[in-house]
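Worksheet: the structure to be examined is printed underneath.
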Amino acid sequence: MSNQDSIEVVAPGRVCLFGEHSDYLGLPVIPAAIDLCIKLKGHSIADLHVSVRYLDTEESDRFDIGEQLEYRHDRDYLRSAFNVMARHGFKPGQGIEAEITGGIPIAAGLSSSSALTVASILLVAHLSGAHLAESEIARFAYLAEVAEFNESGGMQDHLSSAYGGVIHLRFSESSPEVTRIPANLKGIVIGDSLESKEDTVGDLAFIRETVEPGYQRLSHVIDSFSPTRTPVEDVTAPLEELQEPTRTMTKTTLLNRDLTRQALQVLNKQPLDYEKIGQMLNEHHRLLRDGLNRSTDKIESMITAAQKAGALGCKINGSGGGGTMMALAPNKEKEVAEAIREVGGETYRIHIHRGADVSVQ
């Protein structure tokens, strides 16, 4: 890499097709990277400093490379990426002047912050002359976004952005197991409710702090209880002894687990059975809405409108309580998008993305 190389880093957002609110509980998920992306464009410089402008928010930042950086605010992800990578021995040999643009709605359940963090990790690695595997990109991004700021959340978003495509994630104590799924889904429409979510991190923490005691209680009354393996019918009676909302939320996560397992089989079959996938998305949304209380009146009106316009299936995205929904509507994208807009949503017709990447000219 020479001085004044033009650098572009692209990191996609994601939708969680199946297993929403499962990864941080250690349960399998099926996310898909989408072509709404964070883009970092700039040129390398000899001086060891970073100068960036965030064009969407009209903010800027400048700092020297080579020392642990102070955070200007919570979730200062570019700086945290440099800090985490420095602790792991990465030493950039050049600096950069760059602009960052976000094509992902913020705080809308499409992983804009994770995409920014993945892009930042890729930038540090590139300036350090290092090539990272997808798993390493995701691990460092998780450390920089979640662990660095003591937040609740799993690795789903980082793995999805790093690997691209549709993937199945299984979590273990050692490392996530990633399996690519050859399902290039067509006809996905994203609807943004334009409702701001009050506390995404708090929502995740509440669900986790509600469900984990349920798992602990079940492990006391069921020999060899496992959230990943024990059949739902085996926990029905013991669940009745739990208080609400622990009872309903715990059962819902196990039903989501089973639905994700079924979806994996369906998505691996060719040709894709879009009708079946749509039905399963509808069931997933019902669990998120009724079991985890994640939907809103606005999201429901958008989903109803999309289904009336021909969508095969719909679900809310991300932590819920606002944000976005997705509709599966092959060959009906235009009609579904128009229907969502008519009830007050903004829409994006999206495609599956190949995954985060760095290019140099």
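Under the working numbering, the final residue of the sequence shown carries the number 1288; numbering is consecutive throughout. Every residue gets a Cβ at the ideal spot worked out from N, C-alpha and C, and that includes glycine.
Secondary structure of residue i, DSSP reduced to three states
i	result
residue 1026	strand
residue 945	strand
residue 928	Only weak support is given to the placement of residue 928: the predicted model assigns it a pLDDT of 47, under 50, and the value that follows is read from those uncertain coordinates. The answer is coil: DSSP assigns residue 928 none of H, G, I, E or B.
residue 966	strand
residue 1284	strand
residue 972	strand
residue 959	strand
residue 1056	coil
residue 1218	helix
residue 1020	coil
residue 1240	strand
residue 1034	coil
residue 998	coil
residue 1359	This structure cannot speak to residue 1359, because the chain is shown only from 928 to 1288.
residue 1072	helix
residue 1166	helix
residue 1015	coil
residue 992	coil
residue 1224	helix
residue 1196	coil
residue 1171	coil
residue 952	helix
residue 1185	helix
Cα-Cα separation between residue i and residue j, rounded to whole angstroms
i	j	result
residue 1142	residue 1055	43 Å
residue 1128	residue 944	20 Å
residue 1239	residue 961	19 Å
residue 1120	residue 1267	9 Å
residue 1108	residue 1049	24 Å
residue 1135	residue 1221	14 Å
residue 1057	residue 1019	9 Å
residue 902	residue 1001	Lying outside 928 to 1288, the shown extent of the chain, residue 902 is not represented and no answer is given.
residue 1194	residue 1203	10 Å
residue 1164	residue 1173	14 Å
residue 1145	residue 1100	20 Å
residue 1074	residue 1182	28 Å
residue 1118	residue 1243	9 Å
residue 976	residue 1040	23 Å
residue 1234	residue 1061	36 Å
residue 1153	residue 1278	36 Å
residue 971	residue 1078	32 Å
residue 1282	residue 1175	36 Å
residue 1255	residue 1199	12 Å
residue 1223	residue 1246	12 Å
residue 1180	residue 1250	21 Å
residue 949	residue 1085	15 Å
residue 1012	residue 1004	12 Å
residue 1262	residue 1015	50 Å
residue 979	residue 1097	36 Å
residue 1053	residue 940	21 Å
residue 1184	residue 1155	7 Å
residue 1287	residue 984	26 Å
residue 1213	residue 1157	22 Å
residue 990	residue 1111	41 Å
Presumed contact (8 Å Cβ cut-off) between residue i and residue j, rounded CB distance
i	j	result
residue 963	residue 1031	5 Å
residue 1207	residue 1192	Not really, about 10 Å apart at Cβ, beyond 8 Å.
residue 1044	residue 1068	4 Å
residue 1259	residue 1232	Not really, about 12 Å apart at Cβ, beyond 8 Å.
residue 951	residue 1036	14 Å between Cβ atoms; not a contact.
residue 934	residue 1148	No, residue 934 and residue 1148 are not in contact; Cβ-Cβ is about 56 Å, not under 8 Å.
residue 965	residue 1029	5 Å
residue 1151	residue 938	Residue 1151 to residue 938, Cβ: 40 Å. No contact.
residue 1051	residue 1009	6 Å
residue 1177	residue 955	Contact doesn't hold; Cβ gap of about 17 Å is too wide.
residue 947	residue 1211	7 Å
Beta-bridge pairing of residue i - partner residues as DSSP gives them
i	result
residue 980	987 and 1026
residue 1292	Examination of residue 1292 is not possible in this model, given that the chain is present from 928 through 1288 alone.
residue 940	961
Minimum Cβ-Cβ distance from residue i to chain D less than 8 Å
i	result
residue 1120	The displayed structure is made up of one protein chain only, and chain D is not part of it.
Check: residue i C-beta below 7 Å from any heavy atom of the ligand COA
i	result
residue 1054	This structure simply doesn't include the ligand COA, nor any ligand for that matter.
Going residue by residue through the segment 1074-1161, where are the continuous alpha helix (DSSP H) segments of at least 4 residues, counting only ones entirely within it? Annotation note: the segment 1074-1161 contains the following uninterrupted alpha helix (DSSP H) runs of length 4 or greater, listed N- to C-terminal: 1083-1090 and 1127-1148.
At what residue ranges does the segment 1242-1279 contain a whole run of the alpha helix (DSSP H), taking only runs of 4 or more? 1260-1269
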